[in-house]
Each structure stands twice: as structure tokens, then as C-alpha cells.
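K.L.:
Residue numbers (UniProt numbering): 1 to 471.
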């Protein structure tokens, strides 16, 4: 492993902070999210007004990250804390000052801040008044938000991520893009136009960042799930190829190559879909692609897919695959309590795949496992988490050391427990247990789990010691 490899962790501030309407913060799409339960054990949905109170515990939490030896910490700047409504001209000074203090504190601890510029935190007003990123006015509001942040943090933040899991905007439009499907629009039309609008937003953010701070490193990010064919049946292989193109490659192809790929253009042509996409927008996307420094992605699991035997029309077959909810399980991969399948080799496969396709440095900015855990006598023995990380870090090291892949760093999800994307506290991801449950906030005290000490050892050894020898 390189000496400057960025070991660390990542969290989503909108899921951790609380501080609901404190210091000028406005409501956002996550605050207002109507949750659809995941399959698995009974969910415990929480309100966002407190979450795990990271807004008031951030310094203590970063101290614990420094104790683990973090080289980098990825966090998000909550859009509705900077622009409570989203369409104001002037930013909220208290919001900017809060995140600047956080950045300064990270730097004082020799932790590289990695800043995500939008992460499930679009101001609710922008969804209700404009329908989010389906309206190109919102792109300009977003770019203004980006400029406010980068002007404030210029010279302090080296790594920016323009948009968290940008490819998932078309699959979870309310949470990721602040969009509701209009009555007169098909799912496929929404998929096409929203994909383009999000890429325009990403490109304009890249250009804005590089204009303000040319030394900053800017990455585009996707939520990555590789899709394997369920069988060797050729139709299933074609199904997995299509799903990987539209789910995993499309956003990155546009970001890296600076144009809409042929398969996406044909997808629209086959369905008579017309989109709003100007020459100046095309130019922005091309210019931004020349400036992109790295590719970031989250990885939790792989999936399998198959063709639909009862659908003969190719377009209808693809449409069914695109929004497939069958949830087939891979018999070769175990799963956690929520059915997320564990596939460490899928991480190595993905690193090889992306590097071969894009030839850019890769940054693993989320990887982790959610577990239903209990605090017993002040301790959490989370060996299941340690095993998960052992396997995934080993797979990453194989990709680096055997396959020659250029990887910037590895950011575990997550340093501390906080609400999941489904607003759930029962599913815990952290190295640090936060003492609260579904209904009782308790004392919100932080407790180091067994994995805390294990990851501390991993970082100290630069990934050479993965043994679980913690007592």
C-alpha cells in the first residue's frame, strides 16, 4: 500500500447531525422522507430532529476518528443548512461557519477532509416549488451552493465529491434528486431527462470548483452495485449487461468521456424520447470531463439479474429489467439481516472493471455493513463487522497489489452509528456505538466497539495487519 493511502471513514451529515432547524437550517428532502421499509427485520424509523446529535458532538466524534488514526474523513455539507430554502442569493453564515470549523478541526488532527456537496439534503422548498433537478433552475441554485462552499473552504479542502450516488437519482428520485414523477411523464422519460440534468449539474459543479480553486481534486461518485447474470443463459447475460450499463456505467461514461454514450442515445430513440439538452450544456459536460480527477463510488453488495421469459418486445424487456424488483438472491453470497448480500470479491471485480474502462484513480468512499447490535455492559463485540472488513480490504489489496489498480483511499461506512438512509437506528454501521434507540434518546454517549480497535490497528499497519486479535 502507498504511504499516503487515505484510510478513514465517511458519513452523511443529514443522517447524523440533528440540529433540526438550529442556526438557520431549513427542512430538506431527508427530513421529509416517507420511508419505504426494507425487507428484513422489523424497522425502527426515527425522526431527524436529533438523529445522533452529531451537530453538537462533532468535535468529540472527530477526536475518536483521530484516535483510530484516520487519514481522511468524508462528510457532507447539508445544503439546507447553507441555503434553508435553496433559492436565496445569500448563504446562511452560521451554516458556512459550522462546516469551516469542522474542516479546520480535521486539519488540526492531520485528517484530510473529503467534502460531499449534496447528499440527500436538497432543501425541501426546491422539491415542492420546482420539482428538484427535473427543473433546470435548480441546477443553477445548486451551482450557487457549490460556489458558496468552495469560496469559503478554498485552500483547505483538497478533495470534493460533486454529488453523492448521482446514478441513484433516477431510481430514488425524491431522496436523491428532489423529484416527483409528473403525471404526464413516463418512467423512461424521467430516467432520460433526469440523467441528463444531473450530469449538467455535476459538470457545472466541476467547472465552478476548478475555477475557484484549481488545486482542488474533484471526483464524480456513483452508488455501485455490480449485476451478475443469474445463469449462463444468453438472455440473462444480456440482461445483466443492460442493467450494468444503465445503473453503473451511464453516469460515469458521461462524466469521463464527456458525451452521451451510444447505448443511451439509442435507448431514447427506441422509445421516441425527446430531451432538453442544449449545445452549451453539451459543451459544459465535455469540458468538465477533461477536468475530472478521480472516480468515487460506494460499494456494499452485488446483485443478480435475469431476463423476463414472458416479455418478447425488447424495449419492454429492458424497461422491466431497468426497474426490476424481483430481488433474486445469489446462492454463493451470504447476507446481513436486511438481505444485503456480502460479496467481497465483487469489490475487486469492480475496481478492475472501472480502472480498465476509465483509467482514472479510484476512491472507495463508502463500504460497510449494517448490523442489529446491542450495547452490553458498555461494550459491543461486532466480530461480524470485522470479518466483513477483513474480506473487503483483502479484496481491495488484491486489486491494488495483484491487478495494478490505482486506488486513492478506503473510507469505511461509518465512523459512528447514525440513521440509515431509511431513517433507521436499528441498522448500525459504526465503529462507535451511539447510545440511543428507536424511542429513547438515552444519553447519546459514544462507546468504542471492538471494530474500533481493530480498524485502528489496520490503519496503523497501513493495511498489513488485518488479524482479529482484539481482546
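For glycine and all other residues, C-beta sits at the position ideal for the given N, C-alpha and C.
So residue 117 is in the alpha helix (DSSP H); what residue range does that whole segment cover?
P.N.:
No alpha helix (DSSP H) holds residue 117; DSSP gives it neither H nor E.
K.L.:
Alpha carbon to alpha carbon, how far is residue 186 from residue 316?
P.N.:
Residue 186 and residue 316: Cα-Cα distance of roughly 13 Å.
K.L.:
So does the segment 131-145 actually touch the segment 101-108, counting three or more Cβ pairs closer than 8 Å?
P.N.:
Short answer: they don't touch.
K.L.:
Here's the rule I'm using: 16 or more other beta-carbon atoms within 10 Å means buried, otherwise exposed. How should residue 386 be labelled?
P.N.:
Buried, because 16 or more other Cβ atoms sit within 10 Å of the Cβ of residue 386.
K.L.:
When you compare the CB positions of residue 449 and residue 382, do they come within less than 7 Å of one another, or not?
P.N.:
Yes, the pair counts as a contact, with Cβ atoms nearer than the cut-off.
K.L.:
By Cβ distance, which residues of its chain are closer than 8 Å to residue 374, with the 5 residues on each side in sequence left out?
P.N.:
Answer for residue 374: 380, listed in chain order.
K.L.:
I'd like the list of long-range same chain contacts for residue 288, defined as Cβ closer than 6 Å, with 5 residues on each side in sequence excluded.
P.N.:
203, 206, 207, listed in sequence order.
K.L.:
Quick check on residue 327: buried or exposed, where buried means 16 or more other Cβ atoms within 10 Å of its Cβ?
P.N.:
Exposed: under 16 other Cβ atoms inside 10 Å.
K.L.:
Under the three-state reduction of DSSP, which class applies to residue 7: helix, strand or coil?
P.N.:
It is a strand residue.
K.L.:
Can you look up residue 192 in the DSSP assignment and give me helix, strand or coil?
P.N.:
Three-state DSSP puts residue 192 in a helix.
K.L.:
Tell me the residue span of the alpha helix (DSSP H) that contains residue 172.
P.N.:
Where residue 172 is concerned, there is no enclosing alpha helix (DSSP H), given that its DSSP letter is neither H nor E.
K.L.:
Which one or two residues does DSSP pair with residue 294 in a beta bridge?
P.N.:
Residue 294 is bridged to 219.
K.L.:
Kindly examine the ligand ATP and report whether one of its heavy atoms sits closer than 6 Å to the Cβ of residue 71.
P.N.:
This structure lacks the ligand ATP; in fact it carries no ligand of any kind.
K.L.:
Between the segment 34-52 and the segment 65-80, do three or more beta carbon pairs fall short of 8 Å?
P.N.:
No: the two stretches stay apart, fewer than three of their Cβ pairs being nearer than 8 Å.
K.L.:
For residue 271, collect the residues of the same chain with a Cβ closer than 7 Å to its Cβ; drop the 5 residues on either side in sequence, then sort them by chain order.
P.N.:
188, 315, listed in sequence order.
K.L.:
Can you give me the Cβ contacts of residue 517 inside the same chain, cut-off strictly under 6 Å, excluding the 5 residues immediately before and after it?
P.N.:
Lying outside 1 to 471, the shown extent of the chain, residue 517 is not represented and no answer is given.
K.L.:
Residue 177 and residue 133: beta carbons closer than 7 Å?
P.N.:
Against a cut-off of 7 Å, the Cβ pair of residue 133 and residue 177 comes out as a contact.
K.L.:
Tell me which residues share the same chain as residue 238 and place their Cβ nearer than 8 Å to its Cβ, disregarding the 5 neighbours each side in the sequence.
P.N.:
Here the set comprises 307.
K.L.:
Out of curiosity, what's the CA-to-CA distance linking residue 425 and residue 434?
P.N.:
In a straight line, the C-alpha of residue 425 is about 10 Å away from that of residue 434.
K.L.:
Flag this pair as yes or no: are the beta carbons of residue 217 and residue 163 separated by less than 7 Å?
P.N.:
No, Cβ-Cβ distance for residue 217 and residue 163 is not below 7 Å.
K.L.:
Any contact between the segment 388-408 and the segment 10-29? By contact I mean 3 or more CB pairs, one from each, below 8 Å.
P.N.:
At 8 Å Cβ cutoff, the stretches do not touch.
K.L.:
In or out: residue 266 buried (at least 16 other Cβ within 10 Å) or exposed?
P.N.:
So residue 266 counts as exposed.
K.L.:
Might you give, ordered along the chain, the residues of its own chain that have their beta carbon closer than 6 Å to the beta carbon of residue 109, omitting 5 neighbours on each side?
P.N.:
For residue 109, where only same-chain residues beyond five positions count, the Cβ hits under 6 Å are 66.
K.L.:
How far does the beta strand (DSSP E) with residue 433 in it reach, from first residue to last?
P.N.:
It spans 432-434 - the beta strand (DSSP E) in which residue 433 sits, taken as one unbroken run.
K.L.:
Going by other Cβ atoms of all chains shown within 10 Å of its Cβ, with 16 needed for buried, is residue 195 buried or exposed?
P.N.:
Buried.
K.L.:
Taking the alpha-carbon positions, what's the residue 190 to residue 170 distance?
P.N.:
Rounded to whole angstroms, residue 190 to residue 170 spans 7 Å at the Cα level.
K.L.:
Using a 10 Å radius around the Cβ and a threshold of 16 neighbouring Cβ atoms, would you call residue 427 buried or exposed?
P.N.:
Its Cβ being crowded by 16 or more others within 10 Å, residue 427 is buried.
K.L.:
Report the partner residues of residue 341 according to the DSSP bridge assignment.
P.N.:
DSSP, once it has assigned bridges, lists 335 as partnering residue 341.
K.L.:
Could you tell me which of 74, 445, 122 sits nearest to residue 111, measuring between CA atoms?
P.N.:
The option with the nearest alpha carbon to residue 111 is 74.
K.L.:
What did DSSP end up calling residue 394 once you bin it into helix, strand or coil?
P.N.:
Residue 394 falls in the helix class under three-state DSSP.
K.L.:
Between residue 483 and residue 241, what straight-line distance do the alpha-carbon atoms span, to the nearest angstrom?
P.N.:
The requested residue 483 is not part of the displayed model; the chain covers only 1 to 471.
K.L.:
Please determine, among 210, 154, 11, 311, the residue with the shortest C-alpha to C-alpha distance to residue 411.
P.N.:
Considering only alpha carbons, the answer is 11.
K.L.:
Relative to the C-alpha of residue 452, which candidate in 123, 106, 1, 61 has its C-alpha closest?
P.N.:
Measuring from the Cα of residue 452, the nearest candidate turns out to be 61.
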